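A short write-up of the structure that comes next.
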Amino acid sequence: MKFPGTCIICNEKIEINELGLWAKGIGVKHEKCSQIKELRCAICNGSAGCQSCEFQDACDIENVSPLCICKKCLDQKNPYDSYQKSIKKKLPALNLNLKT
Amino acid sequence: MMWSEKHRPQNISNMIGNEESRAAIIEWFTKWKKGTKPLLLIGPPGIGKTTIAYLSAKQFGYDLIGLNASDVRSKNRINEILSPVLGNTTILGSPMIFVDEVDGIHGRGDYGGAEALIHILKEPTVPIILAANSDSKDKMRSIKKVVKTINFCPISPRLMRIYLENILTKENAKLSPGALIKIIDKSRGDIRSMINMTQSLVTGFNPQTEKSFESINVEEGINSFFKSNSIDEARGVLYSMQIDPREKIDSFYSSIIMSSLDKNSFAKYLDIISRADILYGKILKTQNWRLLRYLNETLIELYQNDDRIRYAKYNLSWPLLNRIRWDGKKIKSLSSFIAQRLHLSRSSFTTIGLPFVLFCIKNKKLDLDLEESFGEIIEKEMELIN
Chain Y
0 MKFPGTCIIC NEKIEINELG LWAKGIGVKH EKCSQIKELR CAICNGSAGC
50 QSCEFQDACD IENVSPLCIC KKCLDQKNPY DSYQKSIKKK LPALNLNLKT
Chain U
0 MMWSEKHRPQ NISNMIGNEE SRAAIIEWFT KWKKGTKPLL LIGPPGIGKT
50 TIAYLSAKQF GYDLIGLNAS DVRSKNRINE ILSPVLGNTT ILGSPMIFVD
100 EVDGIHGRGD YGGAEALIHI LKEPTVPIIL AANSDSKDKM RSIKKVVKTI
150 NFCPISPRLM RIYLENILTK ENAKLSPGAL IKIIDKSRGD IRSMINMTQS
200 LVTGFNPQTE KSFESINVEE GINSFFKSNS IDEARGVLYS MQIDPREKID
250 SFYSSIIMSS LDKNSFAKYL DIISRADILY GKILKTQNWR LLRYLNETLI
300 ELYQNDDRIR YAKYNLSWPL LNRIRWDGKK IKSLSSFIAQ RLHLSRSSFT
350 TIGLPFVLFC IKNKKLDLDL EESFGEIIEK EMELIN
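Residue numbers (numbering that gives the first Met the number 0), protein chains in the order written: chain Y, 0 to 99; chain U, 0 to 385.
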């Protein structure tokens, strides 16, 4: 890495000259962390933080629906409404409102 | 009213999880024209396959005709139901067909239904959606060839949590954080099951006890039930016995009749068991499973701190069961031996001939020159026909 950063998966520091994977708008992660499957937050689009999730044992990461919600967004007011708004923005098809 | 019905999403965007799949279904409806391949929704139960079919029909202005596996087992039945819908003109407005649990139509009960359905799927004149829990069965291959498959995955626990918390807010109800996590853990991505479990806890139907989430085995359950120090403790134990209702009733029955009780206690206990049995019979007959909630409340009447009752698996004494097993085996072999000589089938001989043969042996009118090993069983059976 040219600059230091914090891994979006494990939250540990990534120092200069250490190997990491970076993507614009998403962040940086360790090479080893990139191999761990991680769900994405449907609201902020960041990592859902599966490594520190309270449902880590119950969640079958490989098979569940890929979008989840991170702890920060979960603790906000009305996370359900935020989820709906965010999904409608991401997938405009779901915004369709014909005959309700 | 069941919360799972009351809080069923009112439009597709109100659902949670499987965002891409939902968008793909909407896109399919938007572009639908005669001849478009039908949709096959695959996924485990309780994640919204049926809900999305009904909501799409509602949102896109179709009149949904819902069928399940039992409706599409025979060719005649399929044609009877679907011919009026698939014709060029229909009085049904804009029909749409939804076949639920399509993976259940195959097997011995399929009288040409699958072939007839595939024929319809090949040239659809109305939108058709199929739903199945799995596509791994061999016969699903032929269906998969003529449809567009969309997979539905279980919902991640945190998404389920925000959905559940939203329902609890609407119901003005609260659940302890521990209970909330345990419910979500137990429901394993099945939203319907999660909502039902929450309702049963919040409304007090299934009391929140320390053992509410534990599942105890039948032996431990029956013994703890009668040893409980209070009715609430007994109720907790009863609800923790998460076994088939029939097995639950039978276990109480066998445990009671094998215990040394006075006749008044027997009468009282058996009356309660009879009422539970009648209730379960009614549920099976009417398929009204909502009545199941009253089963535990009937069985709780059995509670009395009565340490005379211990769990018993069989409703016959062990010596009697042993005799049925071993003597039955010997009678079977004796009957085979004699039936062969009399040119009869073994079952005909055992039912009709054996009592007469035993009488003849007893009256010394018949000597069959049998092996010595049959002597004991013949003696026993002759004693019984006295």
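Glycine is no exception: its CB is placed at the ideal position from the N, C-alpha and C atoms. Predicted, not measured: the structure shown is a model, and the values here were computed from it.
Problem - Three-state class that DSSP yields for L369 (chain U) in the structure shown - result: coil
Practice task
For the alpha helix (DSSP H) containing D62 (chain U), list its first residue and its last residue.
Solution key: No alpha helix (DSSP H) holds D62 (chain U); the beta strand (DSSP E) holding it covers 62–66.
Problem - Contact set for L26 (chain Y): own chain, Cβ-Cβ below 6 Å, skip 5 residues either direction - result: First, the residue type needs correcting, since residue 26 (chain Y) is Gly and not Leu in the sequence shown. Closer than 6 Å at Cβ, skipping near neighbours: I7.
Practice task
Could you spell out where the beta strand (DSSP E) holding L39 (chain U) opens and where it closes?
Solution key: Residues 38–41.
Problem - Residue nearest to A311 (chain U) in terms of C-alpha spacing, selected from U:I255, U:P354, U:T35, U:F336 - result: U:I255
Problem - First and last residue of the uninterrupted alpha helix (DSSP H) at K169 (chain U) - result: 156–169
Problem - Sheet register partners of C6 (chain Y) (DSSP bridge) - result: Y:V27
Exercise for the section: Rounded to whole angstroms, what's the CA-CA distance from K210 (chain U) to N171 (chain U)? Just pull it up for me. Expected result: Low per-residue confidence applies at K210 (chain U): pLDDT is 45, beneath 50, and the placement is therefore not dependable enough to give any value.
Exercise for the section: Under 6 Å Cβ to Cβ from D366 (chain U), same chain only, skipping five residues before and after it: list those, please. Expected result: none
Practice task
Can you grab the Cα-Cα spacing for the pair L320 (chain U) / I271 (chain U), in whole Å?
Solution key: 26 Å
Exercise for the section: Could you pull out every residue in the same chain whose Cβ sits closer than 7 Å to the Cβ of T49 (chain U), ignoring the five residues on either side in sequence? Expected result: D99, A130
Handout entry: Euclidean distance between Cα positions of D137 (chain U) and L39 (chain U)
Key = Inter-residue distance for D137 (chain U) and L39 (chain U) is about 16 Å (C-alpha atoms, whole angstroms).
Exercise for the section: Rounded to whole angstroms, what's the CA-CA distance from D326 (chain U) to Q339 (chain U)? Just pull it up for me. Expected result: 20 Å
Practice task
With a 10 Å radius around its C-beta and 16 neighbouring C-beta atoms as the bar for buried, classify Q55 (chain Y) as buried or exposed.
Solution key: Classification of Q55 (chain Y): exposed, given that the 10 Å Cβ count is below 16.
Exercise for the section: Show which residues of chain Y have a CB atom less than 7 Å away from the CB atom of G16 (chain U). Expected result: S64
Practice task
Taking the CB atoms as reference points, tell me whether I277 (chain U) and L291 (chain U) lie closer together than 8 Å.
Solution key: By the CB criterion at 8 Å, I277 (chain U) and L291 (chain U) fall outside the cutoff.
Practice task
Give a yes or no on whether 8 Å exceeds the smallest Cβ distance from A22 (chain U) to chain Y.
Solution key: yes
Problem - Opening and closing residue of the alpha helix (DSSP H) in which K89 (chain Y) lies - result: For K89 (chain Y), the enclosing alpha helix (DSSP H) starts and ends at 78–89.
Practice task
Indicate whether at least one CB of chain Y lies closer than 8 Å to the CB of R157 (chain U).
Solution key: yes
Practice task
For I13 (chain Y), decide whether its Cβ has a neighbour in chain U, counting only Cβ atoms nearer than 8 Å.
Solution key: no
Practice task
Answer with yes or no whether the minimum CB distance from N94 (chain Y) to chain U is below 8 Å.
Solution key: Chain U contact via Cβ: present.
Exercise for the section: In the DSSP assignment, find the alpha helix (DSSP H) that holds P94 (chain U) and state where it starts and stops. Expected result: Per DSSP, P94 (chain U) belongs to no alpha helix (DSSP H); it is in the beta strand (DSSP E), 94–98.
Practice task
Measure the alpha-carbon distance for C69 (chain Y) versus Y162 (chain U) and round it to whole angstroms.
Solution key: 14 Å
Handout entry: C67 (chain Y) vs A41 (chain Y) beta-carbon contact at 8 Å
Key = yes
Problem - Segment limits, beta strand (DSSP E) that includes G103 (chain U) - result: Taken as a continuous stretch (DSSP letters only), G103 (chain U) belongs to no beta strand (DSSP E), as it is neither H nor E.
Exercise for the section: With a cut-off of 8 Å on the beta carbons, I'd call I299 (chain U) and R234 (chain U) a contact; round off their distance for me. Expected result: 5 Å
Problem - Short CB-CB distance (under 8 Å) between C67 (chain Y) and chain U - result: yes
Practice task
Below 8 Å on the Cβ atoms is my guess for C152 (chain U) versus G280 (chain U); work out the distance and round it to an integer in Å.
Solution key: 39 Å between Cβ atoms; not a contact.
Exercise for the section: Evaluate C58 (chain Y) with the Cβ neighbour count: other Cβ atoms within 10 Å of its Cβ, from every protein chain shown; 16 or more gives buried, anything less gives exposed. Expected result: Answer is buried; the Cβ neighbour count reaches 16.
Practice task
Return no unless some Cβ of chain U is closer than 8 Å to the Cβ of E53 (chain Y).
Solution key: Output row for E53 (chain Y): interface = yes.
Problem - Minimum Cβ-Cβ distance from T208 (chain U) to chain Y less than 8 Å - result: With a pLDDT of 46 at T208 (chain U), under the threshold of 50, the predicted position of this residue should be treated as unreliable, and no value is reported.
Exercise for the section: Decide if the stretch 172–179 of chain U is in contact with the stretch 72–80 of chain U; the criterion is three or more beta carbon pairs, one per stretch, under 8 Å apart. Expected result: no
Practice task
Can you check DSSP and say which residues form a bridge with C46 (chain Y)?
Solution key: Reading off the sequence, residue 46 (chain Y) comes out as Ser, not Cys. According to DSSP, which records beta bridges pairwise, S46 (chain Y) is partnered with Y:R39.
Practice task
Would you identify the three-state DSSP class for A57 (chain Y), choosing helix, strand or coil?
Solution key: coil
Exercise for the section: Within its chain, find whatever has a CB closer than 8 Å to the CB of K88 (chain Y); leave out the 5 residues flanking it on each side and keep chain order. Expected result: none
Problem - is_contact[K76 (chain Y), chain U] using C-beta, thresh 8 Å - result: Not one chain U Cβ lies under 8 Å of K76 (chain Y).
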